[in-house]
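Chains as they are written, first to last, in UniProt numbering: chain X, 1 to 252; chain Z, 1 to 252; chain G, 1 to 252; chain B, 1 to 252. For glycine and all other residues, C-beta sits at the position ideal for the given N, C-alpha and C. Owing to the predicted nature of the structure, the values given are computational and were not obtained by experimental measurement.
Number of protein chains: 4
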Amino acid sequence: MSDGVVKVGVLGARGRVGAEVCAGVEAAADMELVAAVDAGDDIAALVEAGAEAVVDFTHPDAVMDNLEFCIDHGMHAVVGTTGFDQSRLDVLAGWLADAPGVGVLIAPNFSIGAILMMRFAAAAAPFYESVEVVELHHPTKADAPSGTARRTAELIAAARREAGLGPVPDATSTGLEGARGADVDGIRVHGLRIRGLVAHQEVILGGPGETLTIRHDSLDRASFVPGVLTGLRAIGDHPGLTVGLEHFLDLD
Amino acid sequence: MSDGVVKVGVLGARGRVGAEVCAGVEAAADMELVAAVDAGDDIAALVEAGAEAVVDFTHPDAVMDNLEFCIDHGMHAVVGTTGFDQSRLDVLAGWLADAPGVGVLIAPNFSIGAILMMRFAAAAAPFYESVEVVELHHPTKADAPSGTARRTAELIAAARREAGLGPVPDATSTGLEGARGADVDGIRVHGLRIRGLVAHQEVILGGPGETLTIRHDSLDRASFVPGVLTGLRAIGDHPGLTVGLEHFLDLD
Amino acid sequence: MSDGVVKVGVLGARGRVGAEVCAGVEAAADMELVAAVDAGDDIAALVEAGAEAVVDFTHPDAVMDNLEFCIDHGMHAVVGTTGFDQSRLDVLAGWLADAPGVGVLIAPNFSIGAILMMRFAAAAAPFYESVEVVELHHPTKADAPSGTARRTAELIAAARREAGLGPVPDATSTGLEGARGADVDGIRVHGLRIRGLVAHQEVILGGPGETLTIRHDSLDRASFVPGVLTGLRAIGDHPGLTVGLEHFLDLD
Amino acid sequence: MSDGVVKVGVLGARGRVGAEVCAGVEAAADMELVAAVDAGDDIAALVEAGAEAVVDFTHPDAVMDNLEFCIDHGMHAVVGTTGFDQSRLDVLAGWLADAPGVGVLIAPNFSIGAILMMRFAAAAAPFYESVEVVELHHPTKADAPSGTARRTAELIAAARREAGLGPVPDATSTGLEGARGADVDGIRVHGLRIRGLVAHQEVILGGPGETLTIRHDSLDRASFVPGVLTGLRAIGDHPGLTVGLEHFLDLD
Numbered sequence: 001m002s003d004g005v006v007k008v009g010v011l012g013a014r015g016r017v018g019a020e021v022c023a024g025v026e027a028a029a030d031m032e033l034v035a036a037v038d039a040g041d042d043i044a045a046l047v048e049a050g051a052e053a054v055v056d057f058t059h060p061d062a063v064m065d066n067l068e069f070c071i072d073h074g075m076h077a078v079v080g081t082t083g084f085d086q087s088r089l090d091v092l093a094g095w096l097a098d099a100p101g102v103g104v105l106i107a108p109n110f111s112i113g114a115i116l117m118m119r120f121a122a123a124a125a126p127f128y129e130s131v132e133v134v135e136l137h138h139p140t141k142a143d144a145p146s147g148t149a150r151r152t153a154e155l156i157a158a159a160r161r162e163a164g165l166g167p168v169p170d171a172t173s174t175g176l177e178g179a180r181g182a183d184v185d186g187i188r189v190h191g192l193r194i195r196g197l198v199a200h201q202e203v204i205l206g207g208p209g210e211t212l213t214i215r216h217d218s219l220d221r222a223s224f225v226p227g228v229l230t231g232l233r234a235i236g237d238h239p240g241l242t243v244g245l246e247h248f249l250d251l252d
Numbered sequence: 001m002s003d004g005v006v007k008v009g010v011l012g013a014r015g016r017v018g019a020e021v022c023a024g025v026e027a028a029a030d031m032e033l034v035a036a037v038d039a040g041d042d043i044a045a046l047v048e049a050g051a052e053a054v055v056d057f058t059h060p061d062a063v064m065d066n067l068e069f070c071i072d073h074g075m076h077a078v079v080g081t082t083g084f085d086q087s088r089l090d091v092l093a094g095w096l097a098d099a100p101g102v103g104v105l106i107a108p109n110f111s112i113g114a115i116l117m118m119r120f121a122a123a124a125a126p127f128y129e130s131v132e133v134v135e136l137h138h139p140t141k142a143d144a145p146s147g148t149a150r151r152t153a154e155l156i157a158a159a160r161r162e163a164g165l166g167p168v169p170d171a172t173s174t175g176l177e178g179a180r181g182a183d184v185d186g187i188r189v190h191g192l193r194i195r196g197l198v199a200h201q202e203v204i205l206g207g208p209g210e211t212l213t214i215r216h217d218s219l220d221r222a223s224f225v226p227g228v229l230t231g232l233r234a235i236g237d238h239p240g241l242t243v244g245l246e247h248f249l250d251l252d
Numbered sequence: 001m002s003d004g005v006v007k008v009g010v011l012g013a014r015g016r017v018g019a020e021v022c023a024g025v026e027a028a029a030d031m032e033l034v035a036a037v038d039a040g041d042d043i044a045a046l047v048e049a050g051a052e053a054v055v056d057f058t059h060p061d062a063v064m065d066n067l068e069f070c071i072d073h074g075m076h077a078v079v080g081t082t083g084f085d086q087s088r089l090d091v092l093a094g095w096l097a098d099a100p101g102v103g104v105l106i107a108p109n110f111s112i113g114a115i116l117m118m119r120f121a122a123a124a125a126p127f128y129e130s131v132e133v134v135e136l137h138h139p140t141k142a143d144a145p146s147g148t149a150r151r152t153a154e155l156i157a158a159a160r161r162e163a164g165l166g167p168v169p170d171a172t173s174t175g176l177e178g179a180r181g182a183d184v185d186g187i188r189v190h191g192l193r194i195r196g197l198v199a200h201q202e203v204i205l206g207g208p209g210e211t212l213t214i215r216h217d218s219l220d221r222a223s224f225v226p227g228v229l230t231g232l233r234a235i236g237d238h239p240g241l242t243v244g245l246e247h248f249l250d251l252d
Numbered sequence: 001m002s003d004g005v006v007k008v009g010v011l012g013a014r015g016r017v018g019a020e021v022c023a024g025v026e027a028a029a030d031m032e033l034v035a036a037v038d039a040g041d042d043i044a045a046l047v048e049a050g051a052e053a054v055v056d057f058t059h060p061d062a063v064m065d066n067l068e069f070c071i072d073h074g075m076h077a078v079v080g081t082t083g084f085d086q087s088r089l090d091v092l093a094g095w096l097a098d099a100p101g102v103g104v105l106i107a108p109n110f111s112i113g114a115i116l117m118m119r120f121a122a123a124a125a126p127f128y129e130s131v132e133v134v135e136l137h138h139p140t141k142a143d144a145p146s147g148t149a150r151r152t153a154e155l156i157a158a159a160r161r162e163a164g165l166g167p168v169p170d171a172t173s174t175g176l177e178g179a180r181g182a183d184v185d186g187i188r189v190h191g192l193r194i195r196g197l198v199a200h201q202e203v204i205l206g207g208p209g210e211t212l213t214i215r216h217d218s219l220d221r222a223s224f225v226p227g228v229l230t231g232l233r234a235i236g237d238h239p240g241l242t243v244g245l246e247h248f249l250d251l252d
């Protein structure tokens, strides 16, 4: 990355997500797309093209082989493929121990907005007596609440515990089942399913006479691209294994 | 009401609500506060002062005697006192049958904003596949969801049935108990309890690619005063018994 | 439309909008897409296929010829093509006078949500001392405020005048140019331009202690399809010329 | 503050703000209100009562004498009185140099929510191409935009410059004067004035396919009390002069 332009290869380049990544890399002034590889193509094209960093949005069955190849050839990797458990992370860490200077980022969520929302919610939590989480999605979603909403509630609950806050006040003594939402670690979480929506979440914090609301609206799947580019820009300076894009966002 | 200025008497004038009504009447250019009566005062003061219309925010134990007195003396009444069941309404209707020209308004809710929200939600419901209700209140509220939210959901459900709409789409197959809120007549209702809030409600309707949101925020208890004044202005033209302020709002 | 299924032809079927209309018609249980015609195709295909109602999303240069053909052949028309001034409407009305039973709908806006927002804003306006309009769009939009926001403000201003309301209160005496937005007929209108947004508008009405907010979010261009289908379902019962989809929405 | 309970004195105790501070101190388990002093009272009461920390919500004409007295007697001070310019701050710093261990906090804004909103907006700004500020207040406010909105825009503009971001995208080429709001350091700021509102602000940030919104609602003037209490709890650990409550909020 000597001249400030990162040479990028994409694995899973013809998938829906990979195609958006390719477009995003091509549009970025400080990157060059040197190889677009998909199932059936020879992964060696990455090396021939001189890729410095590789994006992987492929499949849990393929990703470990892909990463072994990248690490062996000294290429950094930014990975959105799912299916990483602790044993896989341990294997990766082992490979990276033998490849000083190579960095791998495994990120379950590339939405910068979702990461900021969680971060700000946890930072604000110690200052507010009340807090609840509302997530809103399209009605074909199978789980409620969303994984992001659960994770947000867990982070808020941890921040409250650390600050020595007690339970959230709630005088509800009568009503209908479910009216107060789900209980995640003592934090109430509400899930709405409405046609026309994509993926949205709101954290409402309240104290005497005031509320603070942090809302993230994802209106298009392209919203993960800036996060991938942020990962690509930072990975060269973060050798070893990193889990979670938040570690590359300079927020303090 | 010959000169366009309504002479108003207030029963329950020293109560928290009655005091706000008195202030609102005094501030209105087209009204005159001629009598402010509370428990212990002689109700005959209303007649002596020449009150044309009387506001009653007293107590279920007192309101029927008050209204009999008003009707007997040809004074209209605008009533926010609670506790009216069908038998009480029947008694009132009987009294009014013998007093042509006298009007009585019994209103469970004087918030014009809440009435408009319910009206618009029901009017929009036939055009949207999805709809949910979210109400937000201070954490000392005992019931969840709120009475207004339940009533809103019932009105929406009725409007959907009349339009021949089927159930709201929802693919949720896994998750936490309560995450999808309470079920009121097939409509999902969510209740939030947050310090700093007063009384707020939002109806979100959605179809392919768009949502319509109708939100009512009550930030101060003074919000019921404009509804009482609207009732006072209209009651002279509505002899007989009216239940619900919505009948005096010209919305069509 | 004897058996309850409308046979629909689409003009401009291969355009971006027309293609979405075709998909919407095909997905509707009570409609059948019998002809998809675009520039270069023979418009007579509509007649051969037995189309009862025709959708036109073509071009101002083509639409009048298209409509003359439809009216001559007894086919109803639902038109989203732009460019209709009074003289064009007069010509249409003349043609329709000779074709009893045929209906044509010219609609500048097929978004049911936008129509409901304007309708509700105007209906609520007489009850509130304050009101402002905020519209939010993507940053490549050329005009500010949006046409819908201007139209909304004009409708609100008219409703206030009819109700005898004076000017909106505003004590601003110092500040920065533009801070209070644009003035449309005495109503303040604010335009935001933010990457990631599509087309959104919010009307905020306020009186003592309460506010009522009506918000429309258009997240995807497919949002106009339900309005076109509503037009197709109703046009057979509305012979003659209709301007504006709002006349087909049963809102009273 | 040996036993964890702070002995607090209040100057300006019978003013509207001071009275709320007194109530807040009395309600706090870790504080004791030992002296409530107003104009005409003897300030020496603070010393006699053993006050450890003093809150000053008085008048620019009185505050410097008050602070000299407090510093001379080794009492910390938390100050919401306005009118501090650099020369006054220099005088304070001089006095404090001779009183090691004594702390004085001068805070233009005690709303924790407003401080968090500004902090989060500036922290998020480097990650988003677009950003605008909307503030909403009651219609008797004289200035537009609000001071908080201007300060927020300045902080955002500085964060964008530091991150190397160029101008916010905006293709507006036609429209009405004022529609795009006021320009504060290149950031668009919109001010709404609506009856029923108190003090509200929203920062909307947007990038491809997503937006992040940070909103602060102040519904009651009591909202500044938690900030004053936070100042009182922290001032003993912050000798010397501190300007801005944000330095006492542990946000990193």
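| Item | Value |
| --- | --- |
| Inter-residue spacing [alpha-carbon to alpha-carbon] between X:L92 and X:I106 | 10 angstroms |
| C-beta neighbour in chain B for G:D185, strict 7 angstroms | no |
| Inside the stretch 68 to 118 of chain X only - beta strand (DSSP E) runs reaching at least 3 residues | 76 to 79, 103 to 106 |
| Cut-off 8 angstroms between Cβ atoms - residues of its own chain near X:H245, not counting five sequence neighbours on either side | The sequence shown places Leu at residue 245 of chain X, not His. Closer than 8 angstroms at Cβ, skipping near neighbours: L105, A107, N109, F110, I112, I115, G227, T230, G231. |
| Reference Z:H238, options Z:T152, Z:M75, Z:T140, Z:I156, closest by Cα | Z:M75 |
| Distance CB(G:R188)-CB(G:E132) smaller than 7 angstroms | yes |
| Counted within 10 angstroms of its Cβ, other Cβ atoms place G:T81 as buried (16 or more) or exposed | buried |
| Contact set between Z:L219 and chain B, taken where Cβ atoms lie within less than 8 angstroms | G196, L197, V198, L219 |
| Below-7 angstroms beta-carbon distance, residue 254 of chain Z vs any chain X residue | Since the first residue shown for chain Z is 1 and the last is 252, residue 254 of chain Z is missing from the structure and cannot be characterised. |
| Residue from B:P126, B:I194, B:A122, B:V102 whose Cα sits closest to the Cα of G:P208 | B:I194 |
| Residues sharing a beta bridge with Z:G206, DSSP | Z:S130, Z:T211 |
| Same chain, Cβ closer than 8 angstroms to X:A157, neighbours up to 5 away in sequence not counted | V184, D185, G186, I187 |
| Proximal chain G residues relative to B:T172, where beta-carbon distance stays under 8 angstroms | K141, A142, D143, A144, G191, R193 |
| Buried versus exposed call for G:A51 [16 or more other C-beta atoms within 10 Å across all chains shown] | buried |
| CB contact check: X:A157 to chain Z, cutoff 7 angstroms | no |
| CA-to-CA distance, X:L219 to G:S218, given in whole angstroms | 10 angstroms |
| Touching by the beta-carbon criterion (3+ pairs, under 8 angstroms), the stretch 14 to 30 of chain G and the stretch 48 to 65 of chain G | yes |
| Backbone secondary structure at G:T152 - three-state DSSP | helix |
| Cβ contact (3+ pairs, closer than 8 angstroms) linking the stretch 159 to 179 of chain X and the stretch 164 to 184 of chain Z | yes |
| Cβ separation of G:Q201 and G:E135, assumed to be a contact under 8 angstroms, to the nearest whole Å | 5 angstroms |
| Whole runs of the beta strand (DSSP E) within the stretch 221 to 251 of chain Z, excluding any shorter than 3 residues | 240 to 243 |
| Beta-carbon proximity of G:A77 to G:C70, cut-off 7 angstroms | yes |
| Buried versus exposed call for G:A44 [16 or more other C-beta atoms within 10 Å across all chains shown] | exposed |
| X:R16, enclosing alpha helix (DSSP H) - first and last residue | 16 to 27 |
| Sequence-distant residues of the same chain with beta carbon closer than 6 angstroms to G:A49, five excluded per side | V34, A35 |
| Cut-off 6 angstroms between Cβ atoms - residues of its own chain near G:K7, not counting five sequence neighbours on either side | E32, V34, G50, A51, E52 |
| Where the stretch 119 to 130 of chain G meets chain B: residues whose CB sits under 7 angstroms from a CB there | E129, S130 |
| Beta carbon proximity, Z:S223 to chain G, threshold 7 angstroms | yes |
| For B:V8, the three-state DSSP class (helix, strand or coil) | strand |
| Residues in the UniProt domain "Dihydrodipicolinate reductase N-terminal" (6 to 110) of chain B having any Cβ partner in chain X nearer than 9 angstroms | G24 |
| Boundaries of the beta strand (DSSP E) in which Z:A36 is found, first to last residue | 31 to 37 |
| Proximal chain B residues relative to X:I235, where beta-carbon distance stays under 7 angstroms | Near X:I235 there are no residues of chain B at all, since even the closest Cβ is about 17 angstroms away, more than 7 angstroms. |
| Contact with chain X by B:M1, beta-carbon distance below 7 angstroms | At B:M1 the pLDDT is 47, less than 50, meaning the model places this residue with poor confidence and gives no usable figure here. |
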